[in-house]
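**Q** There's a structure below that I have some questions on.
2 protein chains.
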Amino acid sequence: MERKTIKKFEALVGEDGVLSTPEDLAVYSYDGTFADRRPDLVLLPSSTEQVSRILELAFAEKMPVTARGMGSGLAAASVPSEGGIVLSSARMNRIIELDEENYMVLVEAGIVTADLQAAVEKRGLFYPPDPSSNRQSTIGGNIACNAGGPRCLKYGVTGDYVMGLTVVLPDGKILKTGGKTIKDVVGYDLTSLFTGSEGTLGIITEALLKLVAKPASVKTVRADFPRLDDASGTVTAILKRGIVPATIELMDETAIACIEESAHLGLPLDIEALLIIESDGFDERAVAREIETITKICRDHGAREVTLAGSEQERSRLWSARRAVSPSLARKAPNKLGEDITVPRSAIPETIRRIKQISSEHGLPIVVFGHAGDGNLHPNILFDLRNPDHRAKVDIIAGQIFKAALAVGGTLSGEHGVGTLKRSYVTEALGSISIDVQKRIKAALDPANIMNPGKVLPD
Amino acid sequence: MERKTIKKFEALVGEDGVLSTPEDLAVYSYDGTFADRRPDLVLLPSSTEQVSRILELAFAEKMPVTARGMGSGLAAASVPSEGGIVLSSARMNRIIELDEENYMVLVEAGIVTADLQAAVEKRGLFYPPDPSSNRQSTIGGNIACNAGGPRCLKYGVTGDYVMGLTVVLPDGKILKTGGKTIKDVVGYDLTSLFTGSEGTLGIITEALLKLVAKPASVKTVRADFPRLDDASGTVTAILKRGIVPATIELMDETAIACIEESAHLGLPLDIEALLIIESDGFDERAVAREIETITKICRDHGAREVTLAGSEQERSRLWSARRAVSPSLARKAPNKLGEDITVPRSAIPETIRRIKQISSEHGLPIVVFGHAGDGNLHPNILFDLRNPDHRAKVDIIAGQIFKAALAVGGTLSGEHGVGTLKRSYVTEALGSISIDVQKRIKAALDPANIMNPGKVLPD
Numbered sequence: 001m002e003r004k005t006i007k008k009f010e011a012l013v014g015e016d017g018v019l020s021t022p023e024d025l026a027v028y029s030y031d032g033t034f035a036d037r038r039p040d041l042v043l044l045p046s047s048t049e050q051v052s053r054i055l056e057l058a059f060a061e062k063m064p065v066t067a068r069g070m071g072s073g074l075a076a077a078s079v080p081s082e083g084g085i086v087l088s089s090a091r092m093n094r095i096i097e098l099d100e101e102n103y104m105v106l107v108e109a110g111i112v113t114a115d116l117q118a119a120v121e122k123r124g125l126f127y128p129p130d131p132s133s134n135r136q137s138t139i140g141g142n143i144a145c146n147a148g149g150p151r152c153l154k155y156g157v158t159g160d161y162v163m164g165l166t167v168v169l170p171d172g173k174i175l176k177t178g179g180k181t182i183k184d185v186v187g188y189d190l191t192s193l194f195t196g197s198e199g200t201l202g203i204i205t206e207a208l209l210k211l212v213a214k215p216a217s218v219k220t221v222r223a224d225f226p227r228l229d230d231a232s233g234t235v236t237a238i239l240k241r242g243i244v245p246a247t248i249e250l251m252d253e254t255a256i257a258c259i260e261e262s263a264h265l266g267l268p269l270d271i272e273a274l275l276i277i278e279s280d281g282f283d284e285r286a287v288a289r290e291i292e293t294i295t296k297i298c299r300d301h302g303a304r305e306v307t308l309a310g311s312e313q314e315r316s317r318l319w320s321a322r323r324a325v326s327p328s329l330a331r332k333a334p335n336k337l338g339e340d341i342t343v344p345r346s347a348i349p350e351t352i353r354r355i356k357q358i359s360s361e362h363g364l365p366i367v368v369f370g371h372a373g374d375g376n377l378h379p380n381i382l383f384d385l386r387n388p389d390h391r392a393k394v395d396i397i398a399g400q401i402f403k404a405a406l407a408v409g410g411t412l413s414g415e416h417g418v419g420t421l422k423r424s425y426v427t428e429a430l431g432s433i434s435i436d437v438q439k440r441i442k443a444a445l446d447p448a449n450i451m452n453p454g455k456v457l458p459d
Numbered sequence: 001m002e003r004k005t006i007k008k009f010e011a012l013v014g015e016d017g018v019l020s021t022p023e024d025l026a027v028y029s030y031d032g033t034f035a036d037r038r039p040d041l042v043l044l045p046s047s048t049e050q051v052s053r054i055l056e057l058a059f060a061e062k063m064p065v066t067a068r069g070m071g072s073g074l075a076a077a078s079v080p081s082e083g084g085i086v087l088s089s090a091r092m093n094r095i096i097e098l099d100e101e102n103y104m105v106l107v108e109a110g111i112v113t114a115d116l117q118a119a120v121e122k123r124g125l126f127y128p129p130d131p132s133s134n135r136q137s138t139i140g141g142n143i144a145c146n147a148g149g150p151r152c153l154k155y156g157v158t159g160d161y162v163m164g165l166t167v168v169l170p171d172g173k174i175l176k177t178g179g180k181t182i183k184d185v186v187g188y189d190l191t192s193l194f195t196g197s198e199g200t201l202g203i204i205t206e207a208l209l210k211l212v213a214k215p216a217s218v219k220t221v222r223a224d225f226p227r228l229d230d231a232s233g234t235v236t237a238i239l240k241r242g243i244v245p246a247t248i249e250l251m252d253e254t255a256i257a258c259i260e261e262s263a264h265l266g267l268p269l270d271i272e273a274l275l276i277i278e279s280d281g282f283d284e285r286a287v288a289r290e291i292e293t294i295t296k297i298c299r300d301h302g303a304r305e306v307t308l309a310g311s312e313q314e315r316s317r318l319w320s321a322r323r324a325v326s327p328s329l330a331r332k333a334p335n336k337l338g339e340d341i342t343v344p345r346s347a348i349p350e351t352i353r354r355i356k357q358i359s360s361e362h363g364l365p366i367v368v369f370g371h372a373g374d375g376n377l378h379p380n381i382l383f384d385l386r387n388p389d390h391r392a393k394v395d396i397i398a399g400q401i402f403k404a405a406l407a408v409g410g411t412l413s414g415e416h417g418v419g420t421l422k423r424s425y426v427t428e429a430l431g432s433i434s435i436d437v438q439k440r441i442k443a444a445l446d447p448a449n450i451m452n453p454g455k456v457l458p459d
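So the sequences go chain by chain: E and L.
Taking my numbering, the leading residue of the first sequence gets 1, the next gets one more, and so forth.
Taking my numbering, the leading residue of the second sequence gets 1, the next gets one more, and so forth.
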C-alpha cells in the first residue's frame, strides 16, 4: 500500500493503530481454517467514529475491508481473501452499559464472549449463547456468523439475543438498528439482516444484547445407547414431553472411540451413541424432577445405562467426555476439518449413516458429534495434510457431506457460517432465486463491493 | 380496469376468482382502521403458482398489488392505498403438512391462526403466538406484520416461529427461504427480512412454522396495585427471579374504570393498575410453586390483593377483565384509535404518566392496557368521529403518544406494524440512515414499486 495512504490511516487511528510489517500482517492472515491470505494493512480502531472515518476513506479508494474479531472462525470469513484492510476489533472491547432493570447490555464488538459472560454473571445475569470458542471469540464475530453452542437448544442462538446493532456502512455512515424494546415491528428487520452476514454488508461496532436471569440449578445425565436410532428417538421423545433441556449433545461411536483412545474416561466402546443431557432452571425440585423424567425416557427408548451427575464434580466429569472430543481428534490425526451441517432432527440417524458410508468409501475417519437437539452435527474429517492423497479426498468428502445434508432436508451450516469454505455449495443449498435476491441486497448496500469481498455469495 | 386485462386474470384464476363489481370491491377496501380505498380488482388465487402468474402479469403492467388476509390489520397495511389489485389469500388456507416428528407445520398463508392452533392442539402440539385477532386473522397477515399477543412474553412473537417461507417476488419468481433445520446460517436471513415487511417486498404464500408441546398445566393470578410504579416494579422483580410467566398483562386505572362501567366485574376502582399473570408448563407442581412465588413477589412489591384462580372457571373470570377491555371502550365512546407503542420495560410508569398528561391536555380519555412484560402498551384514544374537534385532536394525540414513546427509548409499534398510519413517524423513529438502507432494499427487491406501494417507508 502506498505510504501516502498509510499516513492517512495513521492520522485517523494513530501510528500504533496501523500495522504494516510483514510479520504483523502474517498474524492477521488466517483463522481457524487452512485459508491464508495477507492483508495489505491492519487497522486497530478504538471507536465507532474511527471505523466510520476508515470506511469513508476505504470507500473513496475502493479498498476491500475485512472485519476481524479474534480470528477463531471456522469458515475463513475473517481471512482477507482479496487483500486490502483487516479491521480488528481488538481495541473495542468495552461494556458500555449494563442495564440491570431491562436486562440488557450494550457492548463494543470486540469484547470476548466469555469476558462479557463473566461480567454479567457477577450481577446474577446470564448471556446464554455458548460457542465452544467463547474464551477466544468476540461478540462481534459471534454476531457476524450468528454463532450457536450447546445451550442454544433451550436458549436460542446469538441472533436471538441481539436487540440492536451499531453498524458502519461501506460509505462510513453509521446505522443504528433496534433498541431496548422487546418487540419492534417498525420497518424491515435490519438487525437480523446484519446478523449472520459475515461482514459483507457493514462493520458491526456495537451490540445491544438481551440477558436473562442466571439459572440457579443445573442437573446433568449421560445416556449410553447401543443403537444410534434409539438415541435419536430419545431426543424427539424428550421434546415431545414438553421438556426442553438446556443441552442435548450427541457423540457417535467414532467420537467415543477417539475420546477413549486418548483420554481413557471409561466410556463404553460397544455402543453406537451417547447423549449428554443437561436441565437447568430456578426451581431445584422441578429441575430434579425434569432430569428424572429424562432418565426414564432414555431408559424407555433403549438407553442401556443412564448416569446422573450427583455433584458438581461428577457433572464436570460427564462433560469431560464432550470437552475431550476436539483434543482427542488432534491426537488421532495431524489434521481435521470440522463441518457444521444441520438437518431436521428426525434425519439425524439417516445423516450419520450416510456419513459412515462416505467415510468407508474414502478410507478416512469421520467423527460425528454435535447438538442433537437442534439437529446440528459436526462431522470431523481426520487426515494428514502432508499426504497429497488425503488432501484431494478431503474436499470431495466435505462436498459429499454437504450433499448428504441437503438430501435429507438439511443445510450447510448451523453456526460456523459460509465464509469461503462453503461458498461453492451455497447455490445448491439455497437455489438460484435466493442467491439472486441476496446479491441484489448486497449490491444495494455495498455497491462498490468493498465489504469482505469473496465471501458468502458466489460470484 | 380494462376488460381485456380482467380477462387475462380470469384465465389465470377462473371467473369466480376475479371480483370487480363496486359492491365486491367495497368489501376489500378497508381493514381494522378508518382507512378506506377501493382496489381496481380483487383476485382470489388458490395456489402459489397462480400468485406467481398474477405477479408476472402485474409486473409487466406495473400494477400495484396489495396482499390481504382477513383485513383485521390495525395499521391499514392491507388497504390498497394506491388502488390496483388486492390479492386475497382466502382460498389458500390449507395445512399442507403436519410434521409431528420435527414439530413443524407447513401451511398456506390464508389459514386463520385459530384454525391452525386448533388443528395442531388436537395432536398435543402448540402454536403459541396469540394475537387477539387470532379467530379472524391469518398466518400470512400475522407474519406480514410480525404479530404478537399476550403469550409472547414467554413464547416470543410470530417471527420466532417462522422457519421458512414461500414468497412470490414482484416479478413472479418463487423464492423459498429457510427449512426444517432449527439452526441455519447459510446466507442472509431472508426469512426475517420478509417477516414484518407488510407485503412490500413480496407475497408470502406458504409458511413453515415451528411448534412446541402443548403445556399441561396453567395457573393465573390477578394482582391489584394501588400504585402504578409498584405494578411496573413487580414485573421487573418477577423476571429478575428467573421466572418468565406466559403472560403479564397490565391494565391502568382508566382501563379498569372503563371495564367496571360497562361490565361490573367488581374490580377495585381505587387502584392505579392491575396485573394478570399466567404461568404454564409441564410440571404441575412447578407451575403451582411458580405462581406462589409470583404471588409473594406481587405482595412484597405493593400489591394490595392477589387473587389466585383456583379452577378453570375462576381463571376464565380473571381473564374476563382483560377480554372486557375492548368491548367496554366501544360502550364508552363511539370511536377509538388503538395504538401499539413499545418501550423499555423500566419506562412503563413514565410512559403512562406522559400519556395521562396528553389525555388531560386534550380532554379526551386515553385508556392504557397491554403486555407489560414486553413493555408493549396499547393506549386507546376514545372519541367521536362525528365531532370535528375530536377528529382534529386524535391525530395530534397519536403523534404525541409516538413522541412520548420515542422519548423514553421506545418505538411506534410492537405488533400492529406501520402500514400508512405510522408512516409519517418512521423517519423520526429510525433515523434517516436506516430509512435510506430500507429504501435501497425495497428498490433492490421491488424496482417497479408494485408491492403494496405507499406503505411502511416514507416517500
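Every residue gets a Cβ at the ideal spot worked out from N, C-alpha and C, and that includes glycine.
So, is the C-beta of ASP130/E closer than 7 Å to a C-beta in chain L?
**A** Sequence index remark: in the first sequence, residue 130/E carries index 130 (1-based). So, not an interface residue.
**Q** Could you give the C-beta distance for PHE225/L and LEU153/L, rounded to a whole number, given that I count them as a contact under 8 Å?
**A** Working through the second sequence from its first residue, we reach residue 225/L at position 225. Working through the second sequence from its first residue, we reach residue 153/L at position 153. Not quite, the Cβ-Cβ distance comes to about 18 Å (not below 8 Å), so this is no contact.
**Q** What is the DSSP secondary structure of VAL42/L, counted as helix, strand or coil?
**A** Within the second sequence, residue 42/L is the residue found at index 42, counting from 1. Note: VAL42/L maps to strand in three-state DSSP.
**Q** Counting only Cβ-Cβ distances shorter than 9 Å, please list the residues of the stretch 232-244 of chain E near chain L, keeping chain order.
**A** So the close ones are THR236, LEU239, LYS240, ARG241, GLY242, ILE243 and VAL244.
**Q** What's the call for GLU415/L, buried or exposed, on a 16-neighbour Cβ count within 10 Å?
**A** Residue mapping note: residue 415/L aligns to position 415 of the second sequence, counting from 1. Buried, because 16 or more other Cβ atoms sit within 10 Å of the Cβ of GLU415/L.
**Q** May I have the straight-line CA-CA distance separating PHE59/L from ILE450/L, to the nearest angstrom?
**A** For this step, residue 59/L is matched to residue 59 along the second sequence. For this step, residue 450/L is matched to residue 450 along the second sequence. PHE59/L and ILE450/L: Cα-Cα distance of roughly 7 Å.
**Q** List in chain order: all unbroken beta strand (DSSP E) runs of 3+ residues lying wholly within the stretch 360-398 of chain L.
**A** Listed in chain order, they are 366-371 and 376-383.
**Q** Given that ASN376/L touches chain E, what residues does it touch there, using C-beta distances under 7 Å?
**A** Position 376 of the second sequence, counted from the start, is the residue given in the question as residue 376/L. Here the neighbours are LYS183.
**Q** Taking 7 Å as the CB-CB cut-off, is GLN117/L touching chain C?
**A** This model lacks chain C altogether, as its protein chains are E and L.
**Q** Could you give the C-beta distance for GLY199/E and PRO170/E, rounded to a whole number, given that I count them as a contact under 8 Å?
**A** For the purposes of this step, residue 199/E is taken as residue 199 along the first sequence, with counting starting at 1. For the purposes of this step, residue 170/E is taken as residue 170 along the first sequence, with counting starting at 1. With 8 Å as the limit, GLY199/E and PRO170/E do not qualify as a contact, their Cβ atoms being about 11 Å apart.
**Q** For THR33/L, name the three-state secondary structure that DSSP assigns.
**A** In the second sequence, counting from the first residue as 1, residue 33/L sits at position 33. Three-state result, THR33/L: coil.
**Q** Note the first and the last residue of the continuous beta strand (DSSP E) segment covering THR177/E.
**A** Within the first sequence, residue 177/E is the residue found at index 177, counting from 1. Residues 174-178.
**Q** What is the DSSP secondary structure of ASN335/E, reduced to helix, strand or coil?
**A** On the first sequence, residue 335/E is found 335 positions in, with the first residue counted as 1. Residue state, collapsed to three classes: strand.
**Q** Between which residues of its own chain and SER52/L is the CB-CB distance below 6 Å, once the five residues before and five after are set aside?
**A** Position 52 of the second sequence, counting from 1, holds the residue named residue 52/L. Excluding sequence neighbours, SER52/L sits near VAL168, GLY172 and ILE174.
**Q** When you check each C-beta in the stretch 250-284 of chain E against every C-beta of chain L, which residues fall closer than 8 Å?
**A** Within the stretch 250-284 of chain E, the residues whose Cβ lies closer than 8 Å to some Cβ of chain L are GLY281, PHE282 and ASP283, listed in chain order.
**Q** Determine, using beta carbons only, whether LYS219/L comes closer than 7 Å to chain E.
**A** Along the second sequence, one-based indexing puts residue 219/L at 219. Not closer than 7 Å to any Cβ of chain E, the Cβ of LYS219/L fails to qualify, so no.
**Q** In chain order, what residues of the same chain have a beta carbon less than 7 Å from the beta carbon of GLY370/E, not counting five sequence neighbours either side?
**A** Counting from one through the first sequence, the residue named residue 370/E turns up at place 370. Excluding positions up to five away in sequence, the list reads LEU250, ASN376, LEU377 and HIS378.
**Q** Taking 6 Å as the line, does the beta carbon of LYS176/L fall inside it for any heavy atom of the ligand ADP?
**A** With respect to small molecules bound, the structure shown includes none, and the ligand ADP cannot be examined in it.
**Q** Please determine if the stretch 352-361 of chain E and the stretch 234-246 of chain E are in contact, where contact requires at least 3 C-beta pairs separated by less than 8 Å.
**A** No: the two stretches stay apart, fewer than three of their Cβ pairs being nearer than 8 Å.
**Q** Put ILE243/L into one of helix, strand or coil per three-state DSSP.
**A** The sequence position of residue 243/L within the second sequence is 243, counting from 1. DSSP places ILE243/L in coil when its eight states are reduced to three.
**Q** Which residues of the stretch 399-415 of chain E have a Cβ closer than 8 Å to any Cβ of chain L? Give them in chain order.
**A** Those residues of the stretch 399-415 of chain E that come within reach of chain L (Cβ to Cβ, closer than 8 Å) are GLY409, GLY410, THR411, LEU412, SER413, GLY414 and GLU415.
**Q** Can you look up ARG345/L in the DSSP assignment and give me helix, strand or coil?
**A** Numbered from 1 along the second sequence, position 345 holds the residue referred to as residue 345/L. ARG345/L falls in the helix class under three-state DSSP.
**Q** Should LEU57/L be flagged as near chain E, meaning a C-beta pair shorter than 7 Å?
**A** Counting from 1 along the second sequence, the entry for residue 57/L is found at position 57. Not one chain E Cβ lies under 7 Å of LEU57/L.
**Q** Looking only at DSSP bridge pairs, what is VAL460/E linked to?
**A** Lying outside 1 to 459, the shown extent of chain E, residue 460/E is not represented and no answer is given.
**Q** In chain L, which residues lie with their C-beta within 9 Å of the C-beta of THR48/E?
**A** Position 48 of the first sequence holds residue 48/E. Those do not exist, as THR48/E stays about 13 Å from chain L at its closest Cβ, beyond 9 Å.
**Q** Could you tell me the distance, in whole angstroms, from the CA atom of ALA257/L to the CA atom of LEU364/L?
**A** By 1-based counting over the second sequence, the position of residue 257/L is 257. By 1-based counting over the second sequence, the position of residue 364/L is 364. Near 15 Å, if we compare the C-alpha coordinates of LEU364/L and ALA257/L.
**Q** Kindly list the residues whose CB is nearer than 6 Å to the CB of LYS176/L, restricted to its own chain and excluding five residues on each side of it in sequence; keep chain order.
**A** Position 176 of the second sequence, counted from the start, is the residue given in the question as residue 176/L. Result list for LYS176/L: THR166, in chain order.
**Q** Under 8 Å, with one C-beta from each stretch per pair, do the stretch 380-388 of chain L and the stretch 405-412 of chain L reach the 3-pair mark?
**A** Short answer: they don't touch.
**Q** Quick check on SER52/L: does DSSP put it in helix, strand or coil?
**A** Residue mapping note: residue 52/L aligns to position 52 of the second sequence, counting from 1. The answer is helix: DSSP assigns SER52/L an H, G or I state.
**Q** Which residues of chain L have a Cβ atom closer than 9 Å to the Cβ of PRO344/E, listed in chain order?
**A** Walking along the first sequence from the start, residue 344/E turns up at place 344. In chain order: ASP99, GLU101, ASN102, MET104, GLY179, LYS180, THR181 and ILE182.
**Q** Cβ of LEU175/E less than 7 Å from any chain L Cβ?
**A** Taking the first sequence and counting its residues from 1, the one referred to as residue 175/E is at position 175. Yes - at least one Cβ of chain L is within 7 Å of the one on LEU175/E.
**Q** When you compare the CB positions of PHE126/L and LYS214/L, do they come within less than 7 Å of one another, or not?
**A** Translated into positions along the second sequence, residue 126/L becomes position 126. Translated into positions along the second sequence, residue 214/L becomes position 214. Yes, they are a contact pair.
**Q** Ends of the alpha helix (DSSP H) at PHE194/E?
**A** The residue labelled residue 194/E in the question sits at position 194 within the first sequence. Note, PHE194/E: alpha helix (DSSP H), 190-194.
**Q** Within 10 angstroms of the Cβ of THR21/L, are there 16 or more other Cβ atoms? Answer buried if so, exposed if not.
**A** Your numbering for residue 21/L matches position 21 in the second sequence. It counts as exposed.
**Q** Leaving out five residues on either side along the sequence, give the residues of the same chain with a beta carbon under 6 Å from the beta carbon of GLU339/E.
**A** In the first sequence, residue 339/E corresponds to position 339, counting from 1. So the qualifying residues of the chain are PRO379 and ILE401.
**Q** So if DSSP puts MET451/L in a beta bridge, which residue, or which two residues, is it bridged to?
**A** The residue given as residue 451/L occupies position 451 in the second sequence. Answer is VAL65/L, bridged to MET451/L.
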